[in-house]
Ligand SMILES: NC(=O)c1ccc[n+]([C@@H]2O[C@H](COP(=O)([O-])OP(=O)(O)OC[C@H]3O[C@@H](n4cnc5c(N)ncnc54)[C@H](O)[C@@H]3O)[C@@H](O)[C@H]2O)c1
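Residue numbers (this note's numbering): 103 to 418.
This is the structure:
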């Protein structure tokens, strides 16, 4: 049985609590929030003790960092240095800057601990299937991809705490589209050429809309368009792949549906899935891997760092 401590009892903590409750080999041993009312309410809901200072956490197998994004490097590093917890699960994005990401890995490594980044989109069965198909060569040359993340976050959303700030949020590519930037990085590797142009007509410190164009080592070119400024509600999430021997389009709230499939010699696989929330099913898999001690399933340091480098390149 793996004992987990949650640090940060905000919105995403509910998804972690749900995922852990579904995993027979994991349980929540402790929760922590600087806001004592939130910590107490979450502890009451889960049926566990709470602390308000993460430096007081001890005796658990994994601590999950669910605090505002810009603080992840500081919180993960201090948890590694000041507590006895060996594994530090860290919500996305692991860092808003490459410099802080390097520093965090160095400090966590020096403390003899391990960072487990939450890149749950990699555990989406459709994303995995597409990755395996690309790697198998069955699609031939990959000419182009189009990734559109066209969502709505209204003005009230940006009035909440850290949202829309340069220091803690980082903007649409970091907070909303980071799973999709990671997916492109996971599929195609290191970017060769790139150009990202950001815009904000909403008086935010960060970009609410970004159009980015990039190329990859085998000549694949593609675009990511991401916005939180669609009128009224989320409009579209899609990934279209144009290859020598096939065309595939994934869509649905979290790329949970193959809505177009034309691949030479291959029937459309029956792997669409339904979800009753916006986060996909990946957190369930994250805790399943933790319970099985399959640490190798989490992206390694070099992979995470080059993904953050890509996000930085596309954002400025
Ligand atoms: N993987 C996903 O799909 C997904 C989805 C949503 C959010 N997230 C990520 O999860 C993180 C949290 O997002 P959220 O929406 O839950 O934010 P939130 O603001 O609702 O919650 C953050 C919580 O952290 C607490 N906190 C801040 N500093 C702390 C400290 N030093 N010690 C303990 N607690 C502290 C705050 O009091 C707050 O309760 C962000 O990085 C976000 O990008 C990931």
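For every residue, glycine included, the Cβ atom is placed at its ideal position computed from N, Cα and C. No experiment lies behind these values; they were computed from the predicted model shown.
Close-in-space but distant-in-sequence residues of the same chain around residue i (CB under 8 Å, 5 per side omitted)
i           : result
residue 50  : Residue numbering for the chain in the displayed model covers 103 to 418; residue 50 lies beyond these limits and cannot be assessed.
residue 168 : 108, 109, 110, 111, 112, 114, 115, 118 and 193
residue 205 : 175 and 179
residue 210 : 178, 179, 182, 190, 216 and 217
residue 278 : 251, 253, 255, 328 and 330
residue 229 : 223, 285, 288, 352 and 357
Residue(s) in a DSSP beta bridge with residue i
i           : result
residue 254 : 331
residue 316 : 296 and 324
residue 111 : BP columns for residue 111 are empty, so no partner.
residue 311 : 301 and 329
residue 247 : 324 and 343
residue 129 : 105
residue 153 : 134
residue 380 : None; residue 380 has no bridge partner.
residue 200 : Bridge partners of residue 200: none, in fact.
Assigned exposure category for residue i - 16 Cβ within 10 Å defines buried
i           : result
residue 375 : exposed
residue 402 : exposed
residue 195 : buried
residue 414 : buried
residue 156 : buried
residue 122 : buried
residue 201 : exposed
residue 179 : buried
residue 364 : exposed
residue 386 : buried
residue 383 : buried
residue 404 : exposed
residue 281 : buried
residue 221 : buried
Cβ-based neighbour list, residue i, same chain, cut-off 6 Å, excluding 5 preceding and 5 following
i           : result
residue 300 : 309 and 312
residue 322 : 244 and 290
residue 267 : 307
residue 130 : 106, 122, 148 and 150
residue 188 : 215
7 Å Cβ cutoff met for residue i and residue j
i           : j           : result
residue 339 : residue 351 : no
residue 421 : residue 124 : Limits of the chain in this structure are 103 at one end and 418 at the other, which puts residue 421 out of reach.
residue 151 : residue 373 : no
residue 154 : residue 136 : yes
residue 355 : residue 380 : yes
residue 328 : residue 294 : no
residue 409 : residue 287 : yes
residue 360 : residue 246 : no
residue 263 : residue 417 : no
residue 285 : residue 358 : no
residue 216 : residue 186 : no
residue 241 : residue 347 : yes
residue 58  : residue 181 : In the structure as shown, the chain begins at 103 and stops at 418. Residue 58 is therefore absent and cannot be evaluated.
residue 315 : residue 248 : no
residue 144 : residue 162 : no
residue 213 : residue 407 : no
Run of the beta strand (DSSP E) containing residue i, from where it starts to where it stops
i           : result
residue 296 : 295 to 301
residue 341 : 338 to 345
residue 217 : 216 to 219
residue 364 : 359 to 365
residue 190 : 189 to 192
residue 350 : 348 to 353
residue 238 : Counting along the chain, residue 238 falls outside any beta strand (DSSP E), though it belongs to the alpha helix (DSSP H) covering 227 to 238.
Close Cβ partners of residue i (< 7 Å) along its chain, the five nearest in sequence each way excluded
i           : result
residue 237 : none
residue 198 : 171, 172, 272 and 276
residue 412 : 283, 287 and 293
residue 370 : 360 and 363
residue 233 : 288 and 289
Residue range of the alpha helix (DSSP H) that includes residue i
i           : result
residue 407 : 403 to 417
residue 275 : 274 to 277
residue 213 : Neither: residue 213 is in no alpha helix (DSSP H) and is coded neither H nor E.
residue 148 : 138 to 148
residue 282 : 280 to 290
residue 179 : 174 to 184
Interface flag, residue i vs chain C, CB-CB below 7 Å
i           : result
residue 159 : Of the protein chains in this structure there is only one, and it is not chain C.
Cβ-heavy atom distance, residue i to ligand 3, below 6 Å
i           : result
residue 220 : Inclusion of ligand 3 in the displayed structure is not the case, the ligand content consisting of ligand 1 alone.
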